[in-house]
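Chemist: Here it is, the structure, as structure tokens.
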Amino acid sequence: MTRYQGGSLEAFEEIYARLAPGVRRYLVHLAGGSEIADDLLQETFLQMHRSRAAYNPGYEARPWVFGLARNVFLMNRRAARRWARVYESREDLPEFPVLPDVDRLGSQDEIRRGIANLRPEQAEALLLHHEWGFSFEEVAGMLGISAAAARARASRGMADLRAALNRQQRARA
Amino acid sequence: MMDRSPKPPEALMRAIAQDLKPVRPSPRPLQLALRMAPIALLVSSVILLAVGLRADSGILGPLLTWGASAAQFSVAIALVWIAAHESRPAGRLPRQMVYNAAATAFLVVVSITLLTFSKSPASEPLLPLPPRVNEMLRFKPWIMGFGCGIGSTVAGGILVLFFSWVFRNSLATRPTAAGALYGAGAGLAINAGWRIACPISTPWHSLGAHGAAIIATVILGALIGRYLGNHRLYIGRTRA
Numbered sequence: 025m026t027r028y029q030g031g032s033l034e035a036f037e038e039i040y041a042r043l044a045p046g047v048r049r050y051l052v053h054l055a056g057g058s059e060i061a062d063d064l065l066q067e068t069f070l071q072m073h074r075s076r077a078a079y080n081p082g083y084e085a086r087p088w089v090f091g092l093a094r095n096v097f098l099m100n101r102r103a104a105r106r107w108a109r110v111y112e113s114r115e116d117l118p119e120f121p122v123l124p125d126v127d128r129l130g131s132q133d134e135i136r137r138g139i140a141n142l143r144p145e146q147a148e149a150l151l152l153h154h155e156w157g158f159s160f161e162e163v164a165g166m167l168g169i170s171a172a173a174a175r176a177r178a179s180r181g182m183a184d185l186r187a188a189l190n191r192q193q194r195a196r197a
Numbered sequence: 109m110m111d112r113s114p115k116p117p118e119a120l121m122r123a124i125a126q127d128l129k130p131v132r133p134s135p136r137p138l139q140l141a142l143r144m145a146p147i148a149l150l151v152s153s154v155i156l157l158a159v160g161l162r163a164d165s166g167i168l169g170p171l172l173t174w175g176a177s178a179a180q181f182s183v184a185i186a187l188v189w190i191a192a193h194e195s196r197p198a199g200r201l202p203r204q205m206v207y208n209a210a211a212t213a214f215l216v217v218v219s220i221t222l223l224t225f226s227k228s229p230a231s232e233p234l235l236p237l238p239p240r241v242n243e244m245l246r247f248k249p250w251i252m253g254f255g256c257g258i259g260s261t262v263a264g265g266i267l268v269l270f271f272s273w274v275f276r277n278s279l280a281t282r283p284t285a286a287g288a289l290y291g292a293g294a295g296l297a298i299n300a301g302w303r304i305a306c307p308i309s310t311p312w313h314s315l316g317a318h319g320a321a322i323i324a325t326v327i328l329g330a331l332i333g334r335y336l337g338n339h340r341l342y343i344g345r346t347r348a
């Protein structure tokens with residue numbers, strides 16, 4: 025990031041290669057569709073470029089870019105006022121992540137559907153921690169909550185997800 | 109072996125390549141807030157240098173004169189620090205802390221006003237002006253209120269504009285809230301200087317005129333923050 029702030033195009037390409045796949049999956053989760061996520065991904069990196077002076081090298085770049093992606097999504101949602109439509113479209117989530125911690129409790133489709141049925145704030149904290157590996161302090165900084173609240177949201181989300189998957193297993197049996 | 113790492117799209121690369129001038133990294137939130145302190149102190153001291161210390165400063169004592177203003181100024185810098193955190197996409201403070209800071213700022217202003225009034229209930233405008241003008245101000249106190257309100261709003265507005273320039277690269281998720289926070293910081297910093305120059309202690313004057321100026325700077329900061337946030341991140345036009 026420091027090289028990029030110094031004006032290196034190669035450094036930007038490296039950052040993109042390292043962060044774009046994860047940021048894209050995060051945006052797919054937030055927006056609920058891969059087409060809009062692709063647009064938001066490009067906008068996120070464009071915003072990153074425009075605001076590269078706002079980054080302080082003393083902090084990790086990854087949470088900063090994920091936080092920026094979240095900003096871009098929220099501002100886009102506000103601007104377009106189409107959250108309701110986006111949220112309803114969650115029935116079809118082809119690239120929704122499957123958490124490794126629960127992958128034995130159901131099929132990929134069931135897990136995706138289970139995550140989609142969680143409360144949005146729980147699903148977000150759960151995925152940021154379990155899927156993208158952010159610490160609870162980093163999750164807290166992105167969401168504007170305390171680390172304890174981030175931990176609580178993620179663990180409640182995980183508990184609800186496990187319960188839903190167990191119910192489905194019992195129903196099948 | 110084939111390189112499978114994702115490549116940025118052509119259009120994005122073109123946009124990046126067009127503007128690759130080196131930039132200076134932003135300071136940490138605390139450094140940023142501390143860098144604002146001398147400017148805020150300078151602007152808030154202008155009225156003090158112009159009008160001088162209030163006549164009843166001897167009655168109030170150093171604690172209620174300088175100490176209370178220093179406390180208010182510290183709260184102002186703390187609000188700017190919180191605004192700097194709010195402006196980072198990955199360094200936001202818990203919402204509860206932001207609300208607590210706003211409540212603390214409100215309580216500090218009200219407490220200092222009431223303490224000052226209880227110690228010295230000065231209601232006479234004693235300014236270094238011709239006696240005729242002071243006499244007129246005594247019979248028409250609203251003029252004094254209007255003067256303090258407008259004057260501290262203008263001074264606070266200048267500071268808000270300066271803060272807005274410093275925060276122009278802000279990446280706040282809630283730009284309106286971030287703007288309101290540094291607006292409140294500017295208002296409080298100005299009031300810290302203004303209150304020890306203003307000769308009137310009555311709560312209606314202090315809270316009505318000076319308080320209205322703080323609210324005005326909060327609103328101004330919020331509006332500027334919102335405008336800058338929308339201007340920077342409104343992406344509908346780029347995708348249309």
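Each protein sequence line maps, in turn, to chains A and B.
In case it helps, the numbering used here puts the first sequence at residues 25 to 197.
In case it helps, the numbering used here puts the second sequence at residues 109 to 348.
Using N, Cα and C, we set each Cβ at its ideal position, and we do this for glycine too.
#1: Indicate the three-state DSSP secondary structure (helix, strand or coil) for SER32 (chain A) in the structure shown.
#2: Which residues in the same chain have their Cβ closer than 8 Å to the Cβ of PRO311 (chain B), if we skip the five residues on either side of it in sequence?
#3: With a threshold of 9 Å between beta-carbons, can ALA210 (chain B) be considered close to chain A, or not?
#4: Along chain B, in chain order, which residues have C-beta atoms closer than 7 Å to that of LEU152 (chain A)?
#5: Compile a chain-ordered list of the residues in the region 129-154 of chain B whose CB is closer than 8 Å to at least one CB of chain A.
#6: Using Cβ-Cβ distances below 7 Å, what residues of the region 36-63 of chain A are close to chain B?
#7: Are the C-beta of VAL159 (chain B) and some C-beta of chain A separated by less than 9 Å?
#8: Less than 9 Å between CB atoms is the rule here; does LEU201 (chain B) satisfy it with respect to chain A?
#9: Is the Cβ-Cβ distance between SER198 (chain B) and MET99 (chain A) less than 9 Å?
#10: Can you tell me which of the three DSSP states PRO87 (chain A) falls into?
#11: Using a Cβ-Cβ cutoff of less than 6 Å, which residues in the same chain neighbour ARG106 (chain A) once the five nearest sequence positions on both sides are dropped?
#12: Buried or exposed for ILE323 (chain B), please, with buried defined as at least 16 other CB atoms from any protein chain shown within 10 angstroms of its CB.
#13: Can you tell me where the alpha helix (DSSP H) with ALA297 (chain B) in it begins and where it stops?
#14: For the region 117-129 of chain B, enumerate the residues whose C-beta is nearer than 9 Å to any C-beta of chain A, in chain order.
#15: Cβ of GLY337 (chain B) less than 9 Å from any chain D Cβ?
#16: Is there a Cβ of chain B sitting closer than 9 Å to that of VAL81 (chain A), yes or no?
#17: What in chain B is Cβ-close to MET166 (chain A), meaning under 8 Å?
#18: Does the Cβ-Cβ distance between ALA330 (chain B) and GLY265 (chain B) come in under 9 Å?
#19: Can you check which of these residues, B:PHE271, B:ILE251 and B:PRO133, is closest to ALA141 (chain B) by C-alpha distance?
#20: Quick check on ARG282 (chain B) - is its C-beta less than 9 Å from some C-beta in chain A?
#21: Nearest to SER172 (chain B) by CA position, among B:ILE327, B:GLY319, B:LEU328 and B:GLY301, is which residue?
#22: Would you kindly work out how many angstroms separate the C-alpha atoms of ALA78 (chain A) and ARG191 (chain A), rounded to a whole number?
#23: Between PRO118 (chain A) and chain B, is any beta-carbon pair separated by less than 9 Å?
#24: Below 8 Å on the Cβ atoms is my contact criterion, and I expect ILE135 (chain A) with LEU189 (chain A) to pass it. Report the Cβ-Cβ distance as a whole number of Å.
#25: By alpha-carbon positions, which one of B:ALA294, B:THR284 and B:GLY293 ends up nearest to TYR335 (chain B)?
#26: Counting Cβ pairs, one atom from each stretch, are 3 or more of them under 8 Å apart for the region 312-319 of chain B and the region 152-171 of chain B?
#27: Note down the Cα distance separating GLY168 (chain A) from ALA125 (chain B), rounded to an integer number of angstroms.
#28: Taking the alpha-carbon positions, what's the HIS313 (chain B) to MET182 (chain A) distance?
#29: Using 8 Å as the threshold, is the region 68-87 of chain A in touch with the region 174-181 of chain B, meaning 3 or more CB pairs across them?
#30: If we count Cβ pairs, one from each stretch, closer than 8 Å, do we get three or more for the region 132-139 of chain B versus the region 51-71 of chain A?
#31: I think ALA149 (chain A) touches ALA174 (chain A), with their Cβ atoms under 8 Å apart; what is that distance to the nearest whole Å?
Modeler: In this structure, then:
#1: coil
#2: THR221, LEU222 and PHE225
#3: no
#4: In chain order: nothing, as chain B lies at least about 11 Å away.
#5: LYS129, PRO130, VAL131, ARG132, PRO133, SER134, PRO135 and ARG136
#6: PHE36, GLU37, TYR40, ALA41, ALA44, PRO45 and ASP63
#7: no
#8: yes
#9: Going by the sequence as given, residue 198 (chain B) is Ala instead of Ser. Contact flag unset, no.
#10: helix
#11: Low confidence applies to ARG106 (chain A): its pLDDT is 49, below 50, so where it sits in the model is not reliable, and the reading given next is rough at best. There are no such residues.
#12: exposed
#13: 283-302
#14: PRO117, ALA119, LEU120, MET121, ALA123, ILE124, ALA125, ASP127, LEU128 and LYS129
#15: The structure shown contains no chain D; its protein chains are A and B.
#16: Inspection of the sequence shows that residue 81 (chain A) is occupied by Pro rather than by Val. It does: the Cβ of PRO81 (chain A) has a partner Cβ on chain B nearer than 9 Å.
#17: PRO197, ALA198 and ARG200
#18: no
#19: B:PHE271
#20: yes
#21: It is worth fixing the name first, because residue 172 (chain B) is Leu in this sequence and not Ser. Selected option, being the one with the closest Cα: B:GLY301.
#22: 47 Å
#23: Note on PRO118 (chain A): pLDDT 42, under 50, position unreliable in the model; the coordinate value appears next. No, PRO118 (chain A) does not count as interfacial toward chain B.
#24: 7 Å
#25: B:THR284
#26: no
#27: 33 Å
#28: 55 Å
#29: no
#30: no
#31: 5 Å
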